[in-house]
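*Asks:* One structure follows; several queries about it will come next.
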Amino acid sequence: MYGCQQELIKNSENVPFLEYLCTIGNKLINCGIYLSRQWYFKLAKIPGKYDLEKKFKSNRNYQFLYSQAAQQTLRRVVEAFKSYKELSQKYKKGELTNKPQLPKYLH
805 MYGCQQELIK
815 NSENVPFLEY
825 LCTIGNKLIN
835 CGIYLSRQWY
845 FKLAKIPGKY
855 DLEKKFKSNR
865 NYQFLYSQAA
875 QQTLRRVVEA
885 FKSYKELSQK
895 YKKGELTNKP
905 QLPKYLH
């Protein structure tokens with residue numbers, strides 16, 4: 805479990821850079837979701853833990869972030885798709901009433 809702490813940014817010069825980092829992370833998530841959806845629809849497979857990392861090593865959004873942050877971002881995408889797969893199996897067995905949906909793109 806991860807904790808989160810909010811900090812006020814006293815130096816307003818850092819705000820545009822931090823917003824840009826968040827935008828890059830968001831773009832990387834959307835790239836990962838796009839590729840994962842393509843694999844799911846075309847190959848009926850969900851990417852493994854390291855598959856997206858290998859695929860995106862040369863992606864400029866991946867390269868801009870620190871490697872640990874980029875890896876964790878892509879692993880979140882993989883976790884979301886694994887969760888979808890497990891929930892879909894439970895739905896087919898009748899253990900869930902609401903049909904699960906594939907992870908959606910971020911705005």
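805 is the number of the first residue of the sequence shown in our numbering; add one for each residue after it.
All residues carry an ideal CB built from backbone N, CA and C; glycine is no exception.
Note that the coordinates shown come from a computational prediction; the quantities given were computed from them, not determined experimentally.
Using a Cβ-Cβ distance cut-off of 8 Å, determine whether LEU812 contacts chain E.
*Replies:* Absence of chain E from the displayed structure is noted, only one protein chain being present.
*Asks:* Could I get the ranges of all uninterrupted alpha helix (DSSP H) runs contained in the segment 808-863, with 4 residues as the minimum, in chain order?
*Replies:* Runs of the alpha helix (DSSP H) inside the segment 808-863: 819-847 and 855-859.
*Asks:* Do you know how far the Cα of GLY852 is from the Cα of GLN881?
*Replies:* In the sequence as presented, Gln is not what sits at residue 881; that position holds Val. Their backbone Cα atoms lie some 10 Å apart in a straight line.
*Asks:* Do TRP843 and ILE850 have their CB atoms nearer than 8 Å?
*Replies:* Yes.
*Asks:* Of the residues LYS846, TYR870 and SER816, which one's Cα is nearest the Cα of GLU857?
*Replies:* It is TYR870.
*Asks:* Please classify ILE833: is it buried, with 16 or more other beta-carbons within 10 angstroms of its beta-carbon, or exposed?
*Replies:* Buried, by the Cβ-count rule.
*Asks:* Within this structure, are the beta carbons of THR877 and GLY807 separated by less than 8 Å?
*Replies:* Not closer than 8 Å, so no.
*Asks:* Which one of HIS911, TYR888, LEU910 and LYS908 has the shortest CA to CA distance from ASN902?
*Replies:* Nearest option by C-alpha distance: TYR888.
*Asks:* For a quick check, are the C-beta atoms of CYS835 and ASN815 less than 8 Å apart?
*Replies:* Not closer than 8 Å, so no.
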